[in-house]
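Engineer: Below is the structure I would like to discuss, written out as structure tokens.
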Amino acid sequence: MAQSSSSLADCVEYWLNKAVEWGQMSTLESIQNVCLHLQMLNDFLQQLSKDLHYMNTTVAIKKYPLVGQLLGRLCWIPCVVVSEECQKALLQCLWCLFSDKPQNAVELKANDWIKSLLQHLVSGPGDYSYSLDSFIRLLGYTPDEYYSSYLKHVVSSLVKELNRGNCTEPFIPVWLTPERLNSLSTLCIPLVTCSDAIPLISALLLHSKSDSEEMLNTDLFESINKALLQKKIVLEENVIMNLWLRYFPCFESAALNLIEVLISAQLSNPHEMEKVCKDSMLPKASACHPPLFHIVDYIFRFILLESEGSLKIQNFIRIFTHCVLQEQQFQTKLPLKAFFPLHSPCVLTALLLHPSGVPLHTWPKHLFYLSQTLKNSVQNMENIQFHKGVFENWFLLVHCGDWVDIAAQQLITLQIQPSDTLLWLLAFYHHPNNKNQQRTKLQAHARTVSDHLRTLFRCADLCVTQLQMALSFCAENPLHTHTKNLINQLLLNFLVFSNGGHKIAKDVIQKMMQGSQEDWIMLSSFQQRLKYFGLIDYKAQRTLDLLFDHLQNQPGDRPVEVICDYIP
């Protein structure tokens, strides 16, 4: 039954007297007395919150001068705050008194007071008073057990209110304003690593975001992200996605952490690297939301330039892109242009079509098409001296490096004269800059070596001296990593696929590789590709075993923890 304002004011005084009385009780009988009054108290608080809803804080305090004392005392009475219904009604009353835009000193002071009460309700009682300790003991709980149960009740009440605010119900909780949500999110910062508070943290992150501005405190996002990276909390996948979409710096931090993990773990096994990538959820998020993909891509671009085209970083980019394209198959497929806005559709379609989606017998045809398409684009950029455009084309090719590996294989295994276009693709990948005709010279080296290796491809009996010409290119240019990597790529295909390559593999590898990280990456990526496409047979595996044996015995910076993945 609705009550008049005068009767409500009388009730405020009545319940204040009760609260004072309850605060001094610590016996089982007194606790039972409080419990018997909880339903009436709940009805009163609900009626009070409805009345407070239609007035500002200043008017409410004038109308109900004792309301602050009442609500403050009730927040410290254990029986009241552990009652889910009373606690919910109490929170509603407090939020009704909270001023979104304080107009005077009274409202400013009221806001600070309400925040302190909410801090108490959300964070727990802190130092236990004698009466509270007695109450807990009478219930048969330890203080820790009581606090856990108490916090769960508070969290449950707040989560229900937040979820109601996400619905299209006619009545949306009055306190779900941006300012009040911001205050609540601030109060939750110390609770981020508390397992009982996870439902509230999740509900806040899933709460609808305002179109104009972020309602939650960004410090909460930072705290959650830090706890996630340190593996102190576990959140549902959709909650983490919302965190990243609401606050891009958290996604940037997660991307940098992934790269740091991949580098510090010294992984060269593509399968292990792919697993680490997928477990991070970054590829899935990137596949669903192109702006997130652009963030990762920008980081990769920066690191790749800083590392001067490191083969390891190129490998990360290739694997991450492959994971993103795989995830796209399970999502609403977005146009490739959304992920790579700087490139023409024909270049994107040719390069981003994974080799697994192309029949083996059509690989040569597709390789020629994509090489010619990319070459035309690069030459157009070079003709107008648009160096950024040349770099962007090369950066796109790095994302799709599987086609470069296949091109190197085709140059050795196909017993036909290689086209200049295919040689250009290989040279462009290893040396995108054609200053002083360096790429052109590298392309000429690639032709000389590939022609020579093809003449030896069918020979069953080989000796190392027959490959001296190819090996000499690396010896003559020890500081030119691009030359070494390209020639090694051709030699590797020759040793694995030629008739007599396995017989000289051990001697040749000693001159090719010294056990560096890049050697490991090249060799393990090569093996992974052959396995993926079913191109590995007994002879090829035996040759690879010899090559891995050699690297294992080298003093270089090989990744010890993954050696077992490569040597059966």
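Using our numbering, you'd call the opening residue of the sequence shown number 1 and step up by one each time. By construction, the Cβ of each residue, glycine as well, lies at the ideal position given by its N, Cα and C atoms. Here the structure is a predicted model, which is why all the values come from computation and not from measurement.
1) Using the Cα positions of Ser-223 and Ser-148, report the straight-line distance between them to the nearest angstrom.
2) Short check: CB of Thr-321 to CB of Cys-346, under 7 Å?
3) Using alpha carbons as the reference points, say which of Pro-270, Asn-436, Ile-536 lies closest to Met-522.
4) Assuming Phe-316 contacts Ile-406 (C-beta within less than 8 Å), just tell me the rounded distance between them.
5) Buried or exposed: Glu-569, going by 16 or more other Cβ atoms within 10 Å of its Cβ?
6) Do the segment 301-317 and the segment 348-357 make contact, defined as three or more Cβ pairs closer than 8 Å?
7) Can you tell me whether DSSP reads Gly-500 as helix, strand or coil?
8) Grab me the residues of Leu-184's own chain with a C-beta within less than 6 Å of its C-beta, minus the 5 sequence neighbours each way, in chain order.
9) Between the alpha carbons of Lys-275 and Leu-411, how many angstroms are there, rounded?
10) I'd like to confirm something about Glu-260: is its beta-carbon nearer than 6 Å to some heavy atom of the ligand GDP, or not?
11) Whole alpha helix (DSSP H) runs in the segment 369-412 with 4 or more residues, listed along the chain?
12) Decide yes or no for the touch test of the segment 449-466 against the segment 371-385: beta carbon pairs closer than 8 Å, at least 3 of them.
13) Given a threshold of 16 other Cβ atoms within 10 Å of its Cβ, counted over all protein chains shown, does Ile-172 qualify as buried or as exposed?
14) Rounded to a whole number of angstroms, what is the C-alpha to C-alpha distance between Leu-91 and His-120?
15) Would you say Phe-98 and Ile-77 are within 7 Å of each other, going by their C-beta atoms?
16) Any idea if Pro-190 is buried or exposed, counting beta-carbon neighbours within 10 angstroms, 16 or more meaning buried?
17) Taking the beta carbon of Gly-401 as the centre, do at least 16 other beta carbons fall within 10 Å, making it buried, or is it exposed?
18) Our contact map puts Cys-11 next to Phe-44 with C-beta atoms below 8 Å; I'd like the distance itself, whole angstroms only.
19) Using a threshold of 7 Å, state whether the C-beta atoms of His-482 and Lys-539 are closer than that.
20) Pick out the complete alpha helix (DSSP H) segments inside the segment 157-241, 4 residues or longer, and give them in chain order.
21) To the nearest angstrom, how far is it from the Cα of Leu-204 to the Cα of Leu-162?
22) Using the Cα positions of Ala-2 and Val-81, report the straight-line distance between them to the nearest angstrom.
23) With the cut-off set at 7 Å, would you say Phe-533 and Leu-492 are in Cβ contact?
24) According to DSSP, simplified to helix, strand and coil, what is Asp-51?
25) Please return the same chain residues whose Cβ sits closer than 7 Å to the Cβ of Ala-197, not counting the five positions on each side in sequence.
26) Thinking C-alpha only, which one of Leu-342, Ile-263, Leu-325, Gln-331 is nearest Glu-312?
27) Please report how far the alpha carbon of Tyr-130 lies from the alpha carbon of Trp-244, in whole angstroms.
28) Can you list, in chain order, the residues of its chain with a C-beta nearer than 8 Å to that of Asp-127? Leave out the 5 residues immediately preceding and following it.
29) Under 8 Å, with one C-beta from each stretch per pair, do the segment 331-344 and the segment 388-399 reach the 3-pair mark?
30) Give the single residue among Thr-193, Leu-206, Thr-186, Asn-182 whose Cα lies nearest to the Cα of Arg-164.
31) Does Met-241 pass the burial test, meaning 16 or more other C-beta atoms within 10 Å, or should it be called exposed?
32) Are there 16 or more other CB atoms within 10 angstroms of the CB of Glu-107, so buried, or fewer, so exposed?
33) Tell me the rounded alpha-carbon separation between Ala-460 and Ala-444.
34) Is Tyr-247 helix, strand or coil by DSSP?
35) Ordered along the chain, which non-local residues of its own chain (more than five positions away) have a Cβ less than 8 Å from that of Asn-182?
36) Just to confirm the assignment, what range does the alpha helix (DSSP H) spanning Tyr-64 have?
Structural biologist: The relevant details are as follows:
1) Position 223 of the sequence shown, counted from the start, is the residue given in the question as residue 223. Position 148 of the sequence shown, counted from the start, is the residue given in the question as residue 148. Here the alpha carbon of Ser-223 sits roughly 21 Å from the alpha carbon of Ser-148.
2) Locating residue 321 in the sequence shown gives position 321, counting from the first residue. Locating residue 346 in the sequence shown gives position 346, counting from the first residue. It is not a contact, given that the beta carbons lie outside the stated cut-off.
3) Your numbering for residue 522 matches position 522 in the sequence shown. Comparing C-alpha distances from Met-522 to each of Pro-270, Asn-436, Ile-536 shows the shortest one belongs to Pro-270.
4) Taking the first residue of the sequence shown as 1, we reach residue 316 at position 316. Taking the first residue of the sequence shown as 1, we reach residue 406 at position 406. Not confirmed; about 20 Å, so no contact.
5) One cannot answer for residue 569 here, as it falls past the ends of the chain, which runs 1 to 568.
6) Contact fails: fewer than three Cβ-Cβ distances are below 8 Å.
7) What you label residue 500 is simply residue 500 of the sequence shown in a count that begins at 1. Reduced to three states, the DSSP call for Gly-500 is coil.
8) In the sequence shown, counting from the first residue as 1, residue 184 sits at position 184. Around Leu-184: no qualifying Cβ.
9) Residue mapping note: residue 275 aligns to position 275 of the sequence shown, counting from 1. Residue mapping note: residue 411 aligns to position 411 of the sequence shown, counting from 1. Looking at the backbone, the Cα of Lys-275 and that of Leu-411 are separated by about 31 Å.
10) Within the structure as shown, the ligand GDP is missing, as the structure has no ligands at all.
11) If we require 4 residues or more, the alpha helix (DSSP H) runs fully inside the segment 369-412 come out as 387-399.
12) No: the two stretches stay apart, fewer than three of their Cβ pairs being nearer than 8 Å.
13) By 1-based counting over the sequence shown, the position of residue 172 is 172. With a pLDDT of 42 at Ile-172, under the threshold of 50, the modelled position of that residue is not reliable, and the figure given next carries that caveat. The Cβ neighbour count for Ile-172, taken over all protein chains shown within 10 Å, is under 16; the residue is labelled exposed.
14) Position 91 of the sequence shown, counted from the first residue, corresponds to residue 91. Position 120 of the sequence shown, counted from the first residue, corresponds to residue 120. C-alpha separation (whole angstroms): 12 Å.
15) Locating residue 98 in the sequence shown gives position 98, where the first residue counts as 1. Locating residue 77 in the sequence shown gives position 77, where the first residue counts as 1. No, they are not a contact pair.
16) By 1-based counting over the sequence shown, the position of residue 190 is 190. Exposed: under 16 other Cβ atoms inside 10 Å.
17) Locating residue 401 in the sequence shown gives position 401, counting from the first residue. Classified as buried, Gly-401 has 16 or more neighbouring CB atoms from the shown chains inside 10 Å of its CB.
18) Residue mapping note: residue 11 aligns to position 11 of the sequence shown, counting from 1. Residue mapping note: residue 44 aligns to position 44 of the sequence shown, counting from 1. With a Cβ gap of about 6 Å, Cys-11 and Phe-44 count as contacting.
19) Counted from its first residue, the sequence shown places residue 482 at position 482. Counted from its first residue, the sequence shown places residue 539 at position 539. The answer is no: Cβ separation not under 7 Å.
20) Along the length of the segment 157-241, whole alpha helix (DSSP H) runs at least 4 residues long occupy 178-187, 198-206, 218-229, reported in chain order.
21) On the sequence shown, residue 204 is found 204 positions in, with the first residue counted as 1. On the sequence shown, residue 162 is found 162 positions in, with the first residue counted as 1. Taking the straight line from one Cα to the other gives about 7 Å.
22) For this step, residue 2 is matched to residue 2 along the sequence shown. For this step, residue 81 is matched to residue 81 along the sequence shown. Caution is warranted here: a pLDDT of 48 is assigned to Ala-2, below 50, making its placement in the model unreliable, and no coordinate value can be reported.
23) Numbered from 1 along the sequence shown, position 533 holds the residue referred to as residue 533. Numbered from 1 along the sequence shown, position 492 holds the residue referred to as residue 492. Judged by their CB atoms, Phe-533 and Leu-492 are not nearer to each other than the 7 Å cut-off.
24) In the sequence shown, counting from the first residue as 1, residue 51 sits at position 51. Look at Asp-51 here: in three-state DSSP terms it is helix.
25) Indexing the sequence shown from 1 puts residue 197 at position 197. Taken in chain order, the residues that qualify are Leu-151, Val-155, Cys-188, Leu-191.
26) As a working note, residue 312 is residue 312 in the sequence shown. Per the sequence shown, the amino acid found at residue 312 is Lys instead of Glu. Lys-312 has its Cα closest to that of Ile-263, out of Leu-342, Ile-263, Leu-325, Gln-331.
27) Counting from one through the sequence shown, the residue named residue 130 turns up at place 130. Counting from one through the sequence shown, the residue named residue 244 turns up at place 244. Its pLDDT being 48, under 50, Tyr-130 is placed unreliably in this model, and the value from its coordinates should be taken loosely. A direct Cα-Cα distance of roughly 45 Å separates Tyr-130 from Trp-244.
28) Along the sequence shown, one-based indexing puts residue 127 at 127. Here the model assigns Asp-127 a pLDDT of 47, short of 50, so the residue's position is not dependable, and the following value carries that caveat. The answer is none, since no qualifying residue turns up.
29) Three or more Cβ pairs closer than 8 Å define a contact, and the segment 331-344 meets that threshold against the segment 388-399.
30) Along the sequence shown, one-based indexing puts residue 164 at 164. Comparing Cα positions, the closest option is Leu-206.
31) Reading the sequence shown from its first residue, position 241 is the one you call residue 241. Looking at its Cβ environment, which holds 16 or more other Cβ atoms inside 10 Å, Met-241 is buried.
32) In the sequence shown, counting from the first residue as 1, residue 107 sits at position 107. The residue in question, Glu-107, is buried, as its Cβ has 16 or more Cβ neighbours within 10 Å.
33) Mapped onto the sequence shown, residue 460 falls at position 460. Mapped onto the sequence shown, residue 444 falls at position 444. About 27 Å.
34) By one-based count along the sequence shown, residue 247 stands at place 247. In the structure shown, Tyr-247 sits in coil (DSSP, three-state: anything other than H, G, I, E or B).
35) Numbered from 1 along the sequence shown, position 182 holds the residue referred to as residue 182. Met-215, Leu-216, Asn-217, listed in sequence order.
36) Here residue 64 is taken as the residue at index 64 of the sequence shown, counted from 1. It is not in any alpha helix (DSSP H) - Tyr-64 carries neither H nor E in the DSSP assignment.
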